[in-house]
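Chains as they are written, first to last, in this note's numbering: chain A, 26 to 349; chain B, 2 to 251.
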């Protein structure tokens, strides 16, 4: 009835998104480069770009899959409280050991600590709430929200009583920033993200079917509970990697997952996921360029993204409200 | 398909209470009874959408818990009452999902044939490129039934398939189900509220009240004034028209 061959249109959109990401990445890396300064700029910019690609990809994957398994388009994985856990860890370490301790300063140690804790929660703690018979996914989400609030309150309590100088250090970690990225962490993160992407590929068809709702998916032979549990663990690691790498980016997920679904008009994850990754990269790299070129580099990029994402979120809410 | 001492409790309330039953192969079996009798719950347990608290369900020569999810999906399909979609899908895409247990999303020629066949059966071929969420309730119901047909299973479980359908399409679907049972030997289980549809098109009726099977047998044995009055607590006037029993209870 409508477009005769939707996949062709989808491929066009995907191509355009890819092209824009590529151009933005190009501008980001090669802007203002001369034969005399290229080695300095490239060595600084390429790791930052890589960090954006990893974070963007991780958040895109986590959000799209999360929305598929919860059948909800206004949720992001951040409701599971992992971001809060990250901030809590940072605050605790600073509070207990001070800003000069290696737990806080050594990026590798800090990364492993954050990643380990978040991965532990999503692989061991969360699935244990999913046992038993009724659909416990939403109970799990509520527990996630509670835990998140709990960690947040604890963090703000400690931030209240800590030294103002140290507080300003914590504050810096509350927003995602690509200004300082550790190269060794990039390597570990790349390997992790690549592994996860390979695992998720095997689940693409099952995820497609799960968009039909639980009953239809079970009818069609999807091992529903198994897929949900595996995906939650994978989402947790995606979020953990990207948060531990650069810090929390709350609204990016909603923005990216919804835009991808809207643009692709498809239920197929092998179409949605790549487009979500590209949109995510466009948002991060474009946002970073915007911050550096227009705003003079003073503020973290996640502020801009949360601002745009927040406005888009309100738009989705209004739209969903009209439907129901 | 055999059911042994099946029990489902929600809290203290036994929604399905000790049901034992054999479903005849290659026939249409309809579950009738008032709202809340446990018919849909029973159907959901038979199709592993929900788990029972106690009892056994034998499908073929395996108990339901021994079946692998995907193997079972090639032997048994279920369609529930309310089907609403969050995603935009064309009719053809929806029907293609029925082939998932066979081909995991990569369609081969056999799959395409079955999809085409299912759409023809349900008279959906002209609207195969329409979006499911823009169809009328009846068309959408037909699209979902077509998905179930494309799944091509030996057992087909339909929970109120005539919901949202006008009489013409209701009759059409019952005729198709009749054909599936007679010509292809499918075992079909239905939950049906319209007692006359149940009477005219089923081989076997199972009446449930308060989670218990109170009567089961051929339409001739069940569609009787004293039996139906016990089930529905309503005055029935039963006539025979063209060898079929028709109830008047209005």
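Each residue gets a CB set at the ideal place from its N, CA and C atoms; glycine is no exception. Bear in mind the structure is a predicted one, so any value in this text is a computation, not a measurement.
1. With H, G and I counted as helix, E and B as strand and the rest as coil, what does DSSP make of residue 93/A?
2. How about residue 54/B: is its C-beta nearer than 7 angstroms to some C-beta of chain A?
3. Note down, in chain order, every chain A residue with its Cβ under 7 angstroms from the Cβ of residue 12/B.
4. Select from 225/B, 233/B, 36/B, 234/B the residue whose C-alpha is nearest the C-alpha of residue 240/B.
5. So, helix, strand or coil for residue 281/A, using DSSP?
6. Do residue 74/B and residue 246/A count as a contact pair if the criterion is CB distance below 7 angstroms?
7. Kindly give me the distance between the Cβ atoms of residue 8/B and residue 208/B, rounded to whole angstroms, as I take these residues to be in contact under 8 angstroms.
8. Which chain A residues sit within Cβ distance under 7 angstroms of residue 136/B?
9. In terms of residue numbering, what span does the alpha helix (DSSP H) encompassing residue 324/A cover?
10. DSSP on residue 59/A, reduced to helix/strand/coil?
11. In three-state terms, what does DSSP make of residue 216/B?
12. Can the beta-carbon of residue 76/A be found less than 7 angstroms from the beta-carbon of residue 203/A?
13. Check the Cβ-Cβ distances between residue 81/B and every residue of chain A, and say whether any is below 7 angstroms.
14. Residue 257/A to residue 302/A, Cα distance in whole Å?
15. Taking buried to mean at least 16 other C-beta atoms within 10 Å of its own C-beta, is residue 84/B buried or exposed?
16. Are residue 150/A and residue 341/A touching if we call contact CB-CB under 7 angstroms?
17. Does the contact criterion of 3 or more C-beta pairs under 8 angstroms hold for the stretch 275-295 of chain A versus the stretch 78-93 of chain A?
18. Would you kindly report the start and end of the unbroken alpha helix (DSSP H) that includes residue 10/A?
19. Is the distance from the Cβ of residue 153/B to the Cβ of residue 180/B below 7 angstroms?
20. Quick check on residue 240/A - is its C-beta less than 7 angstroms from some C-beta in chain B?
21. Going by beta-carbon coordinates alone, are residue 38/A and residue 237/A separated by less than 7 angstroms?
22. If you drop the 5 nearest sequence neighbours on each side, which residues of the same chain put their C-beta closer than 7 angstroms to that of residue 330/A?
23. For chain B, is any of its Cβ atoms less than 7 angstroms away from the one on residue 290/A?
24. Could one say the Cβ of residue 255/A lies closer than 7 angstroms to chain B's Cβ atoms, at least one of them?
25. Against chain A, does residue 15/B count as a neighbour if the rule is that its beta carbon must be under 7 angstroms from one of theirs?
26. Would you kindly work out how many angstroms separate the C-alpha atoms of residue 224/A and residue 111/A, rounded to a whole number?
27. At a Cβ threshold of 7 angstroms, is residue 248/A touching chain B?
28. Alpha helix (DSSP H) containing residue 32/B: first to last residue?
29. Would you decide whether residue 64/B is buried or exposed? Buried here means 16 or more other CB atoms lie within 10 Å of its CB.
30. Anything in chain A within Cβ reach of residue 49/B, meaning under 8 angstroms, just list it in chain order.
31. Taking the straight line between their C-alpha atoms, what separation do you get for residue 20/B and residue 14/B?
32. Under 8 angstroms by Cβ, that's how I've got residue 143/B and residue 240/A pegged, so tell me the actual separation to the nearest angstrom.
33. When you compare only the Cα positions, how much space is there between residue 182/A and residue 124/A?
34. Where residue 163/B and residue 193/B are concerned, what is the direct C-alpha to C-alpha distance, given to the nearest angstrom?
35. Rounded to whole angstroms, what's the CA-CA distance from residue 253/B to residue 167/B? Just pull it up for me.
36. Closer than 9 angstroms, Cβ to Cβ, to anything on chain A: give me those residues from the stretch 63-90 of chain B, in chain order.
So, from the data block:
1. DSSP places residue 93/A in helix when its eight states are reduced to three.
2. No, no contact with chain A.
3. At a beta-carbon threshold of 7 angstroms, none of the residues of chain A lie near residue 12/B; the nearest stands roughly 12 angstroms away.
4. It is 225/B whose Cα lies nearest to the Cα of residue 240/B.
5. Note: residue 281/A maps to helix in three-state DSSP.
6. The answer is yes: Cβ separation under 7 angstroms.
7. The distance from the Cβ of residue 8/B to that of residue 208/B is about 19 angstroms, inconsistent with a contact at the 8 angstroms cut-off.
8. Residue 136/B does not reach chain A, its nearest Cβ partner there being about 11 angstroms away, counting only Cβ pairs nearer than 7 angstroms.
9. Neither: residue 324/A is in no alpha helix (DSSP H) and is coded neither H nor E.
10. In this structure, DSSP gives residue 59/A a state outside helix and strand, which the three-state scheme calls coil.
11. Residue 216/B falls in the strand class under three-state DSSP.
12. Judged by their CB atoms, residue 76/A and residue 203/A are nearer to each other than the 7 angstroms cut-off.
13. It does: the Cβ of residue 81/B has a partner Cβ on chain A nearer than 7 angstroms.
14. If you take the alpha carbons of residue 257/A and residue 302/A, they lie about 19 angstroms apart.
15. That one is buried.
16. Going by C-beta atoms, residue 150/A is not nearer than 7 angstroms to residue 341/A.
17. Touching, yes, given that three or more Cβ pairs across the two stretches are closer than 8 angstroms.
18. The requested residue 10/A is not part of the displayed model; chain A covers only 26 to 349.
19. Going by C-beta atoms, residue 153/B is not nearer than 7 angstroms to residue 180/B.
20. Yes, residue 240/A lies at the interface with chain B (some Cβ there is under 7 angstroms from its Cβ).
21. The Cβ-Cβ distance between residue 38/A and residue 237/A does not fall below 7 angstroms.
22. Same-chain partners within the cutoff: 274, 276, 277, 308, 312.
23. Nearest CB-CB separation between residue 290/A and chain B: below the 7 angstroms threshold.
24. Chain B contact via Cβ: absent.
25. So no, residue 15/B is outside the interface.
26. Those two C-alpha atoms are separated by around 25 angstroms.
27. Taking 7 angstroms as the threshold, the shortest C-beta distance from residue 248/A to chain B falls below it.
28. Not the alpha helix (DSSP H): residue 32/B falls in the beta strand (DSSP E), residues 29-33.
29. Exposed is the call here.
30. What residue 49/B touches in chain A: 243.
31. Cα to Cα, the separation comes out at about 15 angstroms.
32. About 18 angstroms; that fails the 8 angstroms criterion.
33. Cα-Cα distance, rounded: 17 angstroms.
34. Residue 163/B and residue 193/B have their C-alpha atoms some 8 angstroms from each other.
35. Here chain B covers residues 2 to 251 and nothing more, so residue 253/B does not appear.
36. Within the stretch 63-90 of chain B, the qualifying residues are 69, 70, 71, 72, 73, 74, 75, 77, 78, 79, 80, 81, 84, 85, 86, 87, 88, 89, 90.
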